[in-house]
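Residue numbers (my numbering): 346 to 776.
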């Protein structure tokens, strides 16, 4: 009687699954089990595989234009047959012991579709435009230090990372503009050097051959008040730190001021300062308002180094999204502070992220939200299909490493090409 050996992928999962890239894991997860039959129940004791076999599934070829599943996932009907031609995945079945019936090793080729970011094979299409990204440079002419969590910070090296970023963007002919997502200087910068440090970093950004769009972060505000920062950083409107722009008619970028309501940056008697102090006193009982001690779950966001978006800015955001919808524009929202709990630590979240996202979710035009602030980076897709991408900090790059990138913009996705510590990825829109 034949002995039937069934290998469940769930058994393999614990030992091997975690070692594969995310895109390969997604592909492996589509297999439920493999069944192998051996005559007379005999098991070979040799160390060579009995045989090898190729695996592929759901080619679903059709000579029709690309489409989408009912969940909005892109489908590439003509390209799938090209993937089939490149098939080099195989599974080696090796029988090593009658008591341990099956040992499986996998050799997976990155030439398959799952080897590409987000499971997509490049279609040969040119991006509509591209733009550079960097965040949390936090330069200061002081010795290296550590965060409150003990993470090394390289204050002098960070400006070298920025210099490499600008050179990279200038060497890329199609980069239209660049985004600085905030915190160009560090809070430990000596106050008598703040103006010099900010000016020095801005001059490095100015070496880029295109327009630079800045955001303010908490570390910027530790050094200089808004009245000095906004003109130095060439904000479009020196009276406010939120604005929008359209690099092409099909796209609009909205830059939010996450420190509109803040205990830093405004004069002490400013209404926005008073609102922020009152909120912190209500939500955070600690004497040190940068401490989350005793705060639970999402309440841990009520820290002094975070901030909020005020009523006037929320109304402006709503009107701007109305306008973008009217003109059938896709929107990228940018803010130094992250807007979704799934993409960041709870201590690095905008105070009233829920109010901001309520406005954003009224419309279908917002596809991606970009942020900095949480130096480790992160990504999530919220309940409405909006991608939230938190970029890794330039400050925490040891000498010889980098964290910057550029984003290729297509009709249906954004593709982040990161350098070194900044991870590459694709953000496919949920249309």
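In this text, a Cβ means the ideal position worked out from N, Cα and C, and glycines have one as well.
Backbone secondary structure at residue i - three-state DSSP
{"i": "residue 470", "result": "coil"}
{"i": "residue 734", "result": "strand"}
{"i": "residue 675", "result": "strand"}
{"i": "residue 783", "result": "Limits of the chain in this structure are 346 at one end and 776 at the other, which puts residue 783 out of reach."}
{"i": "residue 657", "result": "helix"}
{"i": "residue 406", "result": "coil"}
{"i": "residue 558", "result": "strand"}
{"i": "residue 563", "result": "helix"}
{"i": "residue 377", "result": "With a pLDDT of 34 at residue 377, under the threshold of 50, the modelled position of that residue is not reliable, and the figure given next carries that caveat. Coil."}
{"i": "residue 746", "result": "coil"}
{"i": "residue 523", "result": "strand"}
{"i": "residue 459", "result": "In this prediction, residue 459 has a pLDDT of 34, which is less than 50 and means its spatial position is unreliable; what the coordinates show is noted afterwards. Helix, per DSSP."}
{"i": "residue 739", "result": "coil"}
{"i": "residue 709", "result": "coil"}
{"i": "residue 537", "result": "helix"}
{"i": "residue 765", "result": "strand"}
{"i": "residue 479", "result": "strand"}
{"i": "residue 604", "result": "coil"}
{"i": "residue 575", "result": "helix"}
{"i": "residue 485", "result": "coil"}
{"i": "residue 650", "result": "coil"}
CB of residue i within 7 Å of CB of residue j, strictly
{"i": "residue 736", "j": "residue 714", "result": "no"}
{"i": "residue 529", "j": "residue 749", "result": "no"}
{"i": "residue 643", "j": "residue 704", "result": "no"}
{"i": "residue 564", "j": "residue 483", "result": "yes"}
{"i": "residue 711", "j": "residue 678", "result": "yes"}
{"i": "residue 746", "j": "residue 708", "result": "no"}
{"i": "residue 621", "j": "residue 602", "result": "no"}
{"i": "residue 692", "j": "residue 637", "result": "yes"}
{"i": "residue 521", "j": "residue 514", "result": "no"}
{"i": "residue 549", "j": "residue 508", "result": "yes"}
{"i": "residue 609", "j": "residue 474", "result": "no"}
Supposed contact pair residue j and residue i - C-beta distance, whole angstroms, cut 8 Å
{"i": "residue 654", "j": "residue 666", "result": "Between residue 666 and residue 654 the Cβ distance is about 13 Å, and since that is not below 8 Å, they are no contact."}
{"i": "residue 687", "j": "residue 725", "result": "3 Å"}
{"i": "residue 681", "j": "residue 526", "result": "6 Å"}
{"i": "residue 629", "j": "residue 647", "result": "5 Å"}
{"i": "residue 481", "j": "residue 740", "result": "5 Å"}
{"i": "residue 546", "j": "residue 504", "result": "6 Å"}
{"i": "residue 779", "j": "residue 607", "result": "Residue 779 is absent from the model: the chain starts at 346 and stops at 776."}
{"i": "residue 611", "j": "residue 652", "result": "So it is not a contact: roughly 10 Å between Cβ atoms."}
Residue burial classification, residue i (beta-carbon count within 10 angstroms, cutoff 16)
{"i": "residue 534", "result": "buried"}
{"i": "residue 784", "result": "Because the chain spans 346 through 776 in this model, residue 784 falls outside it and cannot be assessed."}
{"i": "residue 689", "result": "buried"}
{"i": "residue 616", "result": "exposed"}
{"i": "residue 590", "result": "exposed"}
{"i": "residue 729", "result": "exposed"}
{"i": "residue 605", "result": "buried"}
{"i": "residue 766", "result": "buried"}
{"i": "residue 519", "result": "exposed"}
Residue i - partner residues in DSSP beta bridges
{"i": "residue 758", "result": "773"}
{"i": "residue 532", "result": "Answer by DSSP bridge pairing: none, since residue 532 is not bridged."}
{"i": "residue 725", "result": "733"}
{"i": "residue 490", "result": "498"}
Closer than 6 Å: residue i CB and nearest the ligand SAM heavy atom
{"i": "residue 639", "result": "With respect to the ligand SAM, the structure shown offers nothing to examine, as it has no ligands at all."}
is_contact[residue i, chain B] using C-beta, thresh 7 Å
{"i": "residue 588", "result": "The structure shown contains no chain B, having only a single protein chain."}
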